[in-house]
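The block underneath contains the structure these notes are about, expressed in structure tokens.
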Amino acid sequence: METYIFSVVTAVISGLVTYLVSKSENKKEIEILKIQNTSDMEKLMNQHKINIDAMKEKHKLELELKEVEQKYKIELLKLENANEIKKTKEIAKNESVNTAANQLFGSIFNRESVQKQLDNVIEEAFEKQKETGGKK
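Right, here's the structure in full:
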């Protein structure tokens, strides 16, 4: 029996030592995995921050581009409107000058005394032409 007790005791001691060594190695491996996981998480977080900053910069540049395009469109519309206003003013000015000239000459030539003088001049011209026989 002594031989059995000695064998059992050595097996128990061997089992305990193996258990303790295994537990110690597992703790070390778990610590190493925690450190690696923490390191990987920090790398990912830093990369994420860099990506966010890059996206913010890209958005900022796109926004500035849109603002410049909008300003250009506004300036273009202003110039088009100014040209339309000038064109409309010129047309209105020409129409008013034409209307004034028509009214002025219309009133001059529609007066009876002027009309009579024109008729007399035309008659005299015909008379002279008859007298000369249509020769100049």
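Taking my numbering, the leading residue of the sequence shown gets 1, the next gets one more, and so forth.
Each residue gets a CB set at the ideal place from its N, CA and C atoms; glycine is no exception.
Can you tell me whether residue i is helix, strand or coil according to DSSP?
i, result
"M1", "coil"
Looking only at its own chain, which residues have a Cβ that is under 6 Å from the Cβ of residue i, when we skip the five neighbours before and after it?
i, result
"K60", "none"
Who are the near neighbours of residue i in its chain, counting only those whose CB is closer than 7 Å to its CB and skipping five residues on each side?
i, result
"K86", "none"
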